[in-house]
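> The structure follows.
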Amino acid sequence: MSTTLLPLTASAYTPHELHTDTLVWAETNCYVDVWIELLHSLGMQPLASAAFSLASDFEGDQWTFFKFPQEDLYAAYGIDVHEMNPWRGSLVHCVEQLQLGRLLTIEADSYYLPDTQGVSYGIEHVKSTIIPNAVDLAGRRLGYFHNAGYFELAGDDFDGVFGVGTHLPADGVLPPYVELIRLDGLVDRRATELTDISFDLLRRHLSRTPHDNPVERMSDRIRADAEWIKAEPTNTFHQWAFATVRQCGANAGLAAEYCRWLGSRREGKPGLLEAAECWSELATTAKSVQFLMARLSRGRTVSLDEPLAAMAGYWASAQRATSALAL
Numbered sequence: 001m002s003t004t005l006l007p008l009t010a011s012a013y014t015p016h017e018l019h020t021d022t023l024v025w026a027e028t029n030c031y032v033d034v035w036i037e038l039l040h041s042l043g044m045q046p047l048a049s050a051a052f053s054l055a056s057d058f059e060g061d062q063w064t065f066f067k068f069p070q071e072d073l074y075a076a077y078g079i080d081v082h083e084m085n086p087w088r089g090s091l092v093h094c095v096e097q098l099q100l101g102r103l104l105t106i107e108a109d110s111y112y113l114p115d116t117q118g119v120s121y122g123i124e125h126v127k128s129t130i131i132p133n134a135v136d137l138a139g140r141r142l143g144y145f146h147n148a149g150y151f152e153l154a155g156d157d158f159d160g161v162f163g164v165g166t167h168l169p170a171d172g173v174l175p176p177y178v179e180l181i182r183l184d185g186l187v188d189r190r191a192t193e194l195t196d197i198s199f200d201l202l203r204r205h206l207s208r209t210p211h212d213n214p215v216e217r218m219s220d221r222i223r224a225d226a227e228w229i230k231a232e233p234t235n236t237f238h239q240w241a242f243a244t245v246r247q248c249g250a251n252a253g254l255a256a257e258y259c260r261w262l263g264s265r266r267e268g269k270p271g272l273l274e275a276a277e278c279w280s281e282l283a284t285t286a287k288s289v290q291f292l293m294a295r296l297s298r299g300r301t302v303s304l305d306e307p308l309a310a311m312a313g314y315w316a317s318a319q320r321a322t323s324a325l326a327l
């Protein structure tokens, strides 16, 4: 039995423009990226609900793992998202909800996701969020959204993703985190209405921005971690970079695209386009800092003060450009 919601094939799929190599950060994190592609495939504009990117923070040991807030998805598109209890196993729920016209986000093991070839697939067990769209039980095949695209897998990978067949979870292994995506209220809003909703979301998130400069705090942590990073294996550096400067940079890149999108549609708000340039510069400089830290992790001598100060300055300038728009 095969169950499919959206008529997609991996070979013919074209990702959203946010996932092109022309951007400084072609990917953000698994949750934001998978939602960008789902919204794109539903005919929605993902940037309309990306105002949250302007309010992220440094959490002491990592940058905010930013996500599309559930309430923003509902406000912009009428999509209702909430946690689901996978008491029967994720595969059973996945098939039933697809038959009901709904989707699920599922925490999956990248070890079984062939689109991570060369990174995690068959190499390392890493959790990541996928959205199954097509399930063929008899053929043990799956079509799914993940990161920056739409992919297909089969056979042992199918069993591994869903924890069935020879991959039944051992006693004591917790079930994956699963969210239900209800699409029965999906609304394709007029451009002006969507812009107004997005602007309201922006004002709300601007009221939640940090009171001090989180990039300065992250910079202090980067300097403090420098000697430790030198002594750690390469894999530790990659984990550290993803949690800190990469998330900061990817978030800034998304914020830039959001401000550019909204600024081009909201007359009389030039601060948005100014902020877009600041966020874009922050994203670019964060990529440079990541390269510098990679060199440092290999024992090279690098100078961090100037680019870190520039990053903090771009964040402050972005805040000044949009401060008058907050609630």
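Numbering (the UniProt record's numbering), first residue to last: 1 to 327. Backbone N, C-alpha and C fix where the C-beta goes; we use that ideal spot for every residue, glycine too.
Should Leu174 be labelled buried (16 or more other beta-carbon atoms within 10 Å of its own) or exposed?
The residue is exposed, with fewer than 16 neighbouring Cβ atoms inside 10 Å.
> Which of the three DSSP states, helix, strand or coil, is assigned to Gly149?
Strand, per DSSP.
> For Arg300, which of helix, strand or coil comes out of DSSP?
Correct three-state label for Arg300: coil.
> Output the boundary residues of the beta strand (DSSP E) element that contains Thr105.
Looking at the DSSP string, the run of the beta strand (DSSP E) that includes Thr105 is Leu103 to Asp109.
> Please go through the same chain and pick out, in chain order, the residues whose beta-carbon is closer than 6 Å to the beta-carbon of Leu98, but skip the five residues on each side of it.
For Leu98, where only same-chain residues beyond five positions count, the Cβ hits under 6 Å are Thr3 and Leu5.
> Hey, how far is the Cα of Ala154 from the Cα of Ala275?
When rounded, the distance between both Cα atoms is 45 Å.
> Put His16 into one of helix, strand or coil per three-state DSSP.
Note: His16 maps to coil in three-state DSSP.
> Since Asn133 is in the beta strand (DSSP E), which residue starts that stretch and which ends it?
Segment Lys127 to Asp136, the beta strand (DSSP E) holding Asn133.
> Is it buried or exposed for Gly172, if we count other Cβ within 10 angstroms and need 16 for buried?
It counts as exposed.
> With DSSP collapsed to three states, give me the class of Ile123.
In this structure, Ile123 counts as coil in the three-state DSSP scheme.
> Sorted by chain position, which residues of the same chain lie with C-beta nearer than 6 Å to Leu272's C-beta, five sequence neighbours on each side aside?
Same-chain partners within the cutoff: Cys259, Leu262 and Gly263.
> With 16 other CB atoms within 10 Å as the buried threshold, where does Thr163 fall?
The displayed chain sequence assigns Gly, not Thr, to residue 163. Burial call: buried.
> What residues in its chain sit with their C-beta under 6 Å from that of residue 334, if we drop five residues either side in the sequence?
The first residue shown for the chain is 1 and the last is 327, placing residue 334 beyond what the model contains.
> So if DSSP puts Ser2 in a beta bridge, which residue, or which two residues, is it bridged to?
DSSP output for Ser2 lists Asp136 as bridge partner(s).
> What residue from Glu179, Leu304, Ala51 and Thr20 has the CA that sits closest to Arg223's CA?
Nearest of Glu179, Leu304, Ala51 and Thr20 to Arg223, Cα basis: Leu304.
> Would the beta-carbon of Phe66 fall within 8 Å of that of Ser53?
The answer is yes: Cβ separation under 8 Å.
> Can you have a look at Pro7 and say buried or exposed, based on whether 16 or more other CB atoms are within 10 angstroms of its CB?
Its Cβ having fewer than 16 others within 10 Å, Pro7 is exposed.
> Leaving out five residues before and five after Pro86 in sequence, what residues of the same chain have Cβ atoms less than 6 Å from its Cβ?
Result list for Pro86: His93, Pro175 and Val178, in chain order.
> Evaluate contact between the stretch 108-125 and the stretch 65-85, counting only Cβ atoms and requiring at least three cross-stretch pairs below 8 Å.
Too few Cβ pairs lie closer than 8 Å, so no.
> What do you get for Lys287, buried or exposed, if any count of 16 or more other CB atoms within 10 angstroms of its CB means buried?
Under this definition Lys287 is a buried residue.
> What is the residue span of the beta strand (DSSP E) that His82 lies within?
Start and end: Asp80 to Met84.
> Who are the Cβ neighbours of Leu104 in its own chain at under 8 Å, not counting the five residues just before and after it?
Excluding residues within five positions, the ones whose Cβ falls inside 8 Å are Met84, Ser90, His93, Cys94, Gln97, Ile131, Pro132, Val178, Glu179, Leu180 and Ile181.
> Return the CA-CA distance between Ala231 and Trp240, expressed in angstroms with no decimal places.
Ala231 and Trp240: Cα-Cα distance of roughly 13 Å.
> Leu180 lies in the beta strand (DSSP E); which residues open and close that run?
Looking at the DSSP string, the run of the beta strand (DSSP E) that includes Leu180 is Val178 to Arg182.
> Identify, in the order they occur along the chain, each residue of the same chain with its Cβ nearer than 7 Å to the Cβ of Ala321, setting aside the five sequence neighbours on each side.
Gly271, Glu274, Ala275 and Cys278, listed in sequence order.
> Select from Gly43, Ser56 and Glu107 the residue whose C-alpha is nearest the C-alpha of Ile79.
Comparing Cα-Cα distances from Ile79 to each of Gly43, Ser56 and Glu107, the minimum goes to Gly43.
> Just to confirm before moving on: does the CB-CB distance between Met311 and Ile229 stay below 8 Å?
Cβ atoms of Met311 and Ile229: not closer than 8 Å.
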